[in-house]
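Numbering (our numbering), first residue to last: 1068 to 1701.
Every residue gets a Cβ at the ideal spot worked out from N, C-alpha and C, and that includes glycine.
Note that this is a predicted model, so its numbers are computed, not measured.
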């Protein structure tokens, strides 16, 4: 990985010691030192004199002056790393603590470095590529400062060119530090990934956005706060380091590599640390309490005794894994989908490919053809049209594709990729008629396409705004006049599918973390959602303008990534980062009843589940790079 970083600058900022006893100390100096060592190593290749370390700076003014002086000669790449406490101000801004920060509401904006002020310095820098790593609580609050606004309306905001930001936590989340740890969880995991490399990456160098995906997956599966990303895609592809796991890389001893894994448990978040401080006599008056690092016509689901018995029989017999996992993908499997008829399965993966599988004999599934390339980044979603002749997929490369899969051994691209989104496309869904395709994206929008002529998809109306963060999941109701969506803003929304599309009422409340998945029951009466808060919520939406919450179900021990209804609507399957699949009995009055035993076998997070059209099979895709098939007794 040959490159010249002599006109670039890395600024590493760490604040771990504080004059105010109400603010707990952090191992910031150790984190800055470890990050500096990494950048100067052969893996990253930064000249030591181009790395500036600013540790325990006392005031925001002093920090601003030092940062301004450091960025003046940055022409190619500017990398800014901050480790410390992130605090939400009374106006919802992100404040980065410095040595003399006063955590009182009135004093905080004047005694901490507002990220908005730091962002202004970055925007004025001449460097073409600007990279920011924020290891602090509430890091996602920085997102607004990373946009240029054309008006006071956030809908007209555009990412700053060449800026890419990775944060340790969501806007309402706390970063974590191991008890007695020498590194924070975010920084420790980041360093570990770069030092060890990513074996699933075939390239000899690691892009920063690929490091983010690995970091997100590891922290998520460990039950730690999930990192976030934002910014223009142009900077995402910065080659941060050589891939230490690549065969071309010389093997070296990693004895000096910081290894926070051994210290990861037990964990105290920063709220716990602050509470402990209060217990030994420190006053908490005026303290900002956010320091914690801390299509047959489907049967209608009914409430009758016979339905309950049938559903229980189908579920309690549970599912038996069929044979060995389906290997083939070389990275996480994010999506699986059955074709009508149930004999073909499609899968999408972080290895940037789509695969097709012949399930004529489910005990002996076979790959169909070769992996389908074309995308340049993770494939997050695959879905067949209702007639099974088309496949739509969605990728982190900001594109969705339409493919003719009449012969899945010879899939054919029908048109140029559907574009327009300015960030990753996380989810695609067909309407029941197959005439509409919806796509949800990290740019906070949903786009609707008319695909009656799939070779010439036509955008319906304008991009749909309503979510205030990434749209992670979209789904159509059976009558295709209503659509549902879930997002990183913790919201579930319902939409009137008109021209133009319009929201139906306010967001459905209740989830306290990102909503990764939404699904309608086959008859359209129910909507299920799964979230990072480990819960599934079930809504009755027969009147979309007045949805009724039937219940919130718990059982998973980590993020609920995926939910799917059986074809008869009586069973809901859910997949989680706890490596399990759970089956739930569904009724329109009682909500969800958990079937006793989870389905186990995956060795990583379960990202996708799908029922076969006859309901006899369940397919699952996982972070362990495999697909599993489960036989459901009826």
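- Task: Could you check which residue in 1306, 1393 and 1626 has the C-alpha nearest to that of residue 1692?
- Result: As a first step, residue 1692 must be located in the chain shown, where it is residue number 625. Out of 1306, 1393 and 1626, 1393 has the C-alpha closest to the C-alpha of residue 1692.
- Query: Any idea what DSSP makes of residue 1408, helix, strand or coil?
  - Reply: If you number the chain shown from 1, residue 1408 lands on position 341. If DSSP states are grouped into helix, strand and coil, residue 1408 belongs with coil.
- Counting along the chain, where does the beta strand (DSSP E) carrying residue 1252 start and finish? For the purposes of this step, residue 1252 is identified with residue 185 of the chain shown, where counting begins at 1. In the DSSP assignment, residue 1252 falls outside any beta strand (DSSP E) and within the unbroken alpha helix (DSSP H) covering 1252 to 1263.
- Task: Return yes when the Cβ of residue 1628 is within less than 8 Å of the Cβ of residue 1664, no when it is not.
- Result: As a working mapping, residue 1664 is identified with position 597 in the chain shown. As a working mapping, residue 1628 is identified with position 561 in the chain shown. Not in contact: residue 1664 and residue 1628 (Cβ atoms no closer than 8 Å).
- For residue 1556 and residue 1584, believed in contact at Cβ under 8 Å, the rounded distance: Numbered from its first residue, the chain shown carries residue 1584 at position 517. Numbered from its first residue, the chain shown carries residue 1556 at position 489. 15 Å between Cβ atoms; not a contact.
- Item | Own chain partners of residue 1273 with C-beta closer than 6 Å, once the 5 adjacent residues on each side are dropped | Here residue 1273 refers to the residue found at position 206 of the chain shown. For residue 1273, where only same-chain residues beyond five positions count, the Cβ hits under 6 Å are 1307, 1308 and 1310.
- Item | Three or more C-beta pairs below 8 Å linking the stretch 1676 to 1686 and the stretch 1253 to 1260 | In this structure the stretch 1676 to 1686 does not touch the stretch 1253 to 1260; the number of beta carbon pairs closer than 8 Å is below three.
- Is the Cβ-Cβ distance between residue 1145 and residue 1098 less than 8 Å? Residue 1145 sits at position 78 when you count from the first residue of the chain shown. Residue 1098 sits at position 31 when you count from the first residue of the chain shown. Taking 8 Å as the Cβ cut-off, residue 1145 and residue 1098 do not qualify as a contacting pair.
- Query: For the candidate residues 1147, 1143 and 1290, whose alpha-carbon lies nearest to that of residue 1103?
  - Reply: Stepping through the chain shown from its first residue, residue 1103 is reached at position 36. Looking from the CA of residue 1103, the closest CA among 1147, 1143 and 1290 belongs to 1147.
- Item | Residue range of the alpha helix (DSSP H) that includes residue 1278 | To locate residue 1278, count along the chain shown from 1; it is residue 211. According to the DSSP assignment, residue 1278 belongs to the alpha helix (DSSP H) that extends over 1275 to 1288.
- Is residue 1425 helix, strand or coil by DSSP? Residue mapping note: residue 1425 aligns to position 358 of the chain shown, counting from 1. Looking at residue 1425 - three-state DSSP - the assignment turns out to be strand.
- Message: Which of the three DSSP states is assigned to residue 1085 in this structure?
- Response: Here the question's residue 1085 lines up with position 18 in the chain shown. Three-state DSSP puts residue 1085 in coil, outside helix and strand.
- Starting from residue 1630 and walking both ways along the beta strand (DSSP E), at which residues does that stretch end? Locating residue 1630 in the chain shown gives position 563, counting from the first residue. Residues 1627 to 1632.
- Message: Under 8 Å: do the stretch 1608 to 1621 and the stretch 1642 to 1661 share three or more Cβ pairs, one atom per stretch?
- Response: As far as the Cβ criterion goes, the stretch 1608 to 1621 touches the stretch 1642 to 1661, which means the pair count is three or higher.
- Query: Just how far apart, CA to CA, sit residue 1603 and residue 1194?
  - Reply: Translated into positions along the chain shown, residue 1603 becomes position 536. Translated into positions along the chain shown, residue 1194 becomes position 127. The alpha-carbon of residue 1603 is positioned some 45 Å away from that of residue 1194.
- Who pairs with residue 1202 in a beta bridge, going by DSSP? The sequence position of residue 1202 within the chain shown is 135, counting from 1. Paired residues: 1150.
- Message: Here's the rule: buried if 16 or more other CB atoms are within 10 angstroms of the residue's CB, otherwise exposed. What is residue 1613?
- Response: Locating residue 1613 in the chain shown gives position 546, counting from the first residue. By the neighbour-count rule (16 or more Cβ atoms within 10 Å), residue 1613 is not buried but exposed.
- If you follow the beta strand (DSSP E) that residue 1549 is part of, which residue opens it and which one closes it? For the purposes of this step, residue 1549 is taken as residue 482 along the chain shown, with counting starting at 1. First-last of the beta strand (DSSP E) with residue 1549: 1549 to 1554.
- Message: Tell me which residue opens and which closes the beta strand (DSSP E) that residue 1309 is part of.
- Response: On the chain shown, residue 1309 is found 242 positions in, with the first residue counted as 1. Run containing residue 1309: 1306 to 1309, per the beta strand (DSSP E) assignment.
- Three-state secondary structure (DSSP) at residue 1080? Counted from its first residue, the chain shown places residue 1080 at position 13. When DSSP states are grouped into helix, strand and coil, residue 1080 belongs to the strand group.
- Query: Nearest to residue 1667 by alpha carbon, out of 1653, 1082, 1684 and 1642?
  - Reply: Residue mapping note: residue 1667 aligns to position 600 of the chain shown, counting from 1. Nearest of 1653, 1082, 1684 and 1642 to residue 1667, Cα basis: 1642.
- Can you name, in chain order, every residue of its own chain whose Cβ lies under 7 Å from the Cβ of residue 1598, other than the five neighbours on each side? The sequence position of residue 1598 within the chain shown is 531, counting from 1. Excluding residues within five positions, the ones whose Cβ falls inside 7 Å are 1578, 1580, 1581, 1582, 1583 and 1627.
- Message: Here's a check: name, in chain order, each residue in its chain whose Cβ is nearer than 6 Å to the Cβ of residue 1264, leaving out the five neighbours to either side.
- Response: Here residue 1264 refers to the residue found at position 197 when the chain shown is read from its first residue. Answer for residue 1264: 1310, 1311 and 1312, listed in chain order.
- Query: Leaving out the 5 sequence neighbours to the left and right, which residues in its chain are closer than 6 Å to residue 1645 when beta-carbon positions are compared?
  - Reply: In the chain shown, counting from the first residue as 1, residue 1645 sits at position 578. If you ignore the 5 residues before and after residue 1645, its C-beta comes within less than 6 Å of the C-beta of 1623, 1624 and 1625, all in its own chain and listed in chain order.
- Message: Could you tell me the alpha carbon to alpha carbon distance between residue 1238 and residue 1163, rounded to whole angstroms?
- Response: Residue mapping note: residue 1238 aligns to position 171 of the chain shown, counting from 1. Residue mapping note: residue 1163 aligns to position 96 of the chain shown, counting from 1. For residue 1238 and residue 1163, the distance between alpha carbons rounds to 14 Å.
- What runs of the beta strand (DSSP E), each 3 residues or longer, lie entirely inside the stretch 1554 to 1632? With a minimum length of 3 residues, the continuous beta strand (DSSP E) runs that stay inside the stretch 1554 to 1632 are 1559 to 1563, 1582 to 1587, 1593 to 1598, 1603 to 1607, 1615 to 1620 and 1627 to 1632.
- Query: What residue does the alpha helix (DSSP H) around residue 1481 start on, and which one ends it?
  - Reply: Position 414 of the chain shown, counted from the start, is the residue given in the question as residue 1481. No residue range can be given for residue 1481, since it is assigned to no alpha helix (DSSP H) and is classified by DSSP as neither H nor E.
- Query: Ends of the beta strand (DSSP E) at residue 1434?
  - Reply: Residue mapping note: residue 1434 aligns to position 367 of the chain shown, counting from 1. Per DSSP, residue 1434 is one residue of the beta strand (DSSP E) stretching across 1433 to 1439.
- Message: Taking DSSP's pairing of strands, which residues face residue 1231 in a bridge?
- Response: In the chain shown, the residue the question calls residue 1231 occupies position 164. Residue pairing for residue 1231: DSSP places it in a beta bridge opposite 1198 and 1298.
- Drop a sphere of 10 angstroms on the beta-carbon of residue 1704, count the other beta-carbons inside from all chains shown, and report buried for 16 or more, exposed for fewer. Residue 1704 is absent from the structure shown; the chain starts at 1068 and stops at 1701.
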